[in-house]
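In the UniProt record's numbering, the protein residues as written are 1 to 672. Cβ atoms here follow ideal geometry from the backbone N, Cα and C, with glycine treated the same way.
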C-alpha cells in the first residue's frame with residue numbers, strides 16, 4: 001500500500017466501511033448475537049467474555065456500517081476502529097496504516113465477509129444513536145404510573161402534562177434472582193445526537209443504563225411558546241415535583257432539565273447550548289438542599305452564561321474532598337480589570353476574603369484565600385474552607401457576585417432535601433388536615449411516607465393519645481386505624497397533687513418539666529423522680545430519679561445549666577457540629593426507656609435573607625424555629641449536515657428535519 005496515492009487510500013477506507021459486514025466480522029472474532037435485543041434492523045452483538053455489547057447499523061445514503069456501545073458513548077465507530085483495536089494499531093503511524101490496509105484488503109476479498117444481507121440499510125435520518133439505542137433500551141409507552149403517583153405523590157395532571165409527554169416511559173424488567181417481573185419508570189438521557197442512556201426507577205431501584213456523559217433529561221418545548229424560565233434539577237422527579245408545587249403561569253414557558261445526579265464536566269456545555277437556543281429570561285438552579293447540591297449550584301453558576309449577563313472574565317469551580325472544599329477562581333485580566341475602571345486583582349482578592357470571612361466569630365472555621373498562580377494576563381485564586389454549610393452558602397453568593405448573575409440566575413432551594421420531599425410532605429399534610437385535627441411534625445410525616453405507618457404521637461387538643469395511620473398500599477390515601485380516647489388525669493398521683501399547670505403540661509408535652517416527690521405505694525417511703533405519659537398505654541407513668549440511666553448523647557455537649565435543666569425534667573434544644581453541618585437535637589428524659597433521650601432535628605435551613613447567605617452583613621444568625629415553621633407551610637461539534645436531536649435543527653438549515661425512531665420510544669424534540 002506504500003505506493004498508493006492519498007486518494008486511493010481514502011477510496012480503500014470507504015470500501016472497507018461498505019464492503020465488510022460488521023455483524024459477520026464481529027462473529028468471526030468471537031462475538032455472538034444477543035438474542036434478547038437482536039433485530040434484523042438493529043443487530044446487537046455481545047462478547048460473552050467481557051460482556052461488551054455493540055449495536056450494528058448501516059447508513060442507506062453511504063452504505064457504510066457503523067456500531068455503537070449502548071453502555072459507553074466513547075465506544076463507537078466503523079470497521080476502521082475495530083481493526084485498529086483488534087490489531088493494536090496506532091493510526092498516527094504510517095506503518096500501522098499499512099498493516100490495516102493489508103487486513104482490510106484480505107477481508108474485502110472474502111465473499112462471506114462481504115455479504116451485506118446481515119443488516120438492513122437504514123434511511124439517512126435513522127442513522128442516529130437515538131434510533132439504535134432507543135431500540136436497544138426497549139422503551140414502552142407510559143401506562144403504569146404507580147411509582148409516580150403512589151410512591152412520589154405526583155398527580156396525573158402533572159405526569160400527563162404536555163411538557164412531559166413522551167419524556168417518561170415504562171420499561172419491563174425481570175429479576176431472575178428474586179423471580180419477579182415488573183415495570184420500571186424510565187427517563188431518557190439525551191444529548192445533541194439523541195438518547196444516550198436511560199434512568200430506571202422503581203421504589204427500590206435507581207440506576208442509569210447506558211451513558212450520562214454530556215446528556216441530560218429534559219422536557220418538551222411546546223410549539224409557538226417561548227421559554228421564559230429554565231430550571232435545572234438533579235433528578236427528573238424533582239423537576240416534575242417543582243412543576244406541581246409551582247406551576248408556570250403559562251403552560252410550556254418553563255423548560256425542565258435534570259442532570260441525573262451529580263453534574264459531569266461536560267453537562268454544562270449541553271445546558272449552555274439549550275440556553276443559547278431557547279434564550280430564557282431566567283435560569284433557576286433547583287439542585288438538592290444539601291452540601292453536594294450547593295456545590296453543583298456553584299459549578300453551574302460558575303460556567304453558565306445567560307443572555308444579557310455581563311462577561312466578567314471570572315470563572316468559578318469548586319472541588320470537594322471529604323472534609324474540605326476548594327473553590328478555584330480564574331480571573332482574566334483583560335475582561336475583569338481591563339474594563340473595570342479602577343478594579344484590580346488585589347481588590348478582587350480582598351473582596352473574596354470579605355465575602356467568605358466577614359462576620360464570623362473568631363473561633364469559627366474560616367476560609368483561606370491564596371493566589372496559586374499569576375501570569376501577565378491571568379490569575380488563579382484558591383479559596384479553601386471546611387465542608388460546612390455556612391461557608392458553602394457564602395461561596396455560592398460569592399460566585400453570583402463575581403459572575404454578576406444579577407436576577408438572571410437564581411437558586412431555588414427545597415424546604416426539605418429536594419422538591420419531591422416537599423411535595424410528599426405537603427400532600428400528606430393536606431390529607432391529614434382534611435380528615436382529622438391530628439398534626440404531625442416533619443419527622444413523623446417522613447416516617448409515615450417511608451414506612452407507611454406513623455409512630456405514636458400527641459395530638460393538638462392537649463390530650464396524650466395514640467394515632468396509627470396506615471399508608472394504603474392501593475394508593476396514596478391515608479386510613480386511620482386507631483385513635484385513643486382522651487387521657488383521664490387523676491387529681492393526685494401516689495400522694496402528689498397535680499396542679500392545673502401540671503395537667504395542661506402533661507396533655508400538651510407528655511412530661512412534667514420538674515421533679516416531683518411521690519409516696520411509694522408499697523413501701524410508703526417518699527421517692528423523687530419524673531412524671532409523664534405513656535402514650536402507648538394512655539396513662540401516667542413514673543420514673544424514679546435513681547433509675548435514670550446516662551448515655552452517650554451522640555457527642556452532644558451540655559453545659560452545666562443545660563445538664564441541670566434536663567435532670568429536672570426540662571426539654572432543651574441544643575446544636576452541634578456533626579458531619580460538617582450544624583445540626584439540632586432535642587434532649588429530654590425518655591420515661592419508657594429510663595434514659596436521657598436525644599432526638600435529631602433536621603439541620604437548620606438558611607433562608608435567602610440569612611447572614612450566611614448574604615455578603616453585606618456582619619454577623620451570621622440561625623433561623624428560628626418559628627421561621628422554619630413558616631417556611632414549612634408556605635462531545636464534539638456535529639458535521640454541517642447533521643441534525644441536532646436536542647433542538648431538532650440542522651446546523652446548515654433552520655427547518656425541522658424528520659427522523660425514524662422506534663415506535664413509542666422517541667421523545668419529542670425541542671423546537672426552537
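Quick one: residues in its chain with C-beta nearer than 7 Å to the C-beta of residue 174, no 5 flanking neighbours on either side, listed in chain order? 181
Between 198, 155, 150, which lies nearest to residue 168 when the distance is taken from Cα to Cα? 198
Pull up the DSSP beta-bridge partners for residue 172, would you. 183
Report the option in 15, 159, 542, 509 whose CA atom is closest to the CA atom of residue 518. 542
Would you mind reading off the limits of the beta strand (DSSP E) that contains residue 5? Careful: residue 5 lies outside any beta strand (DSSP E) and carries neither H nor E.
For the 8 Å Cβ check, are there 3 or more pairs between the stretch 391 to 411 and the stretch 306 to 319? yes
Simplified DSSP state of residue 82, which is helix, strand or coil: helix
Should residue 41 and residue 31 be called a contact, given that it needs their Cβ atoms to be closer than 9 Å? no
Anyone know if the C-beta pair for residue 185 and residue 231 falls short of 9 Å? no
Which residue from 99, 331, 327, 293 puts its Cα closest to that of residue 311? 331
Please report the distance separating the alpha-carbon of residue 19 from that of residue 91. 21 Å
At what residues does the beta strand (DSSP E) containing residue 373 begin and finish? 368 to 374
Do residue 244 and residue 423 have their C-beta atoms closer together than 9 Å? yes
Neighbour-count burial assignment, residue 191, 16 or more Cβ in a 10 Å radius: buried
From residue 137 to residue 210, what does the alpha carbon distance come to, in whole angstroms? 9 Å
Pair within 9 Å by beta-carbon distance, residue 409 and residue 395: no
Grouping DSSP H, G and I as helix and E and B as strand, with all else coil, what is residue 360? coil
State buried or exposed for residue 205, treating a residue as buried only when at least 16 other CB atoms are found within 10 Å of its CB. exposed
Under a three-way DSSP split, which group does residue 253 fall into? coil
Find out if the Cβ-Cβ distance for the pair residue 107, residue 25 is shorter than 9 Å. yes
Alpha-carbon spacing of residue 217 relative to residue 225, whole angstroms: 20 Å
Check whether the stretch 416 to 432 touches the stretch 315 to 326, taking contact to mean three or more Cβ pairs, one atom from each stretch, closer than 8 Å. no
Separation of residue 194 from residue 441, as counted between CA atoms: 45 Å
Simplified DSSP assignment, three categories, for residue 354: helix
Nearest candidate by alpha-carbon position, reference residue 189, set 591, 258, 48: 258
What are the residues that DSSP puts in a beta bridge with residue 239? Its beta-bridge partners do not exist; DSSP assigns none.
Residues near residue 579 by beta carbon distance below 8 Å, same chain, minus five either side: In this predicted model, residue 579 has a pLDDT of only 47, less than 50, meaning its place in the structure is not dependable; the value taken from the coordinates is given anyway. Hits under 8 Å: none found.
According to DSSP, which residues form a beta bridge with residue 517? 528
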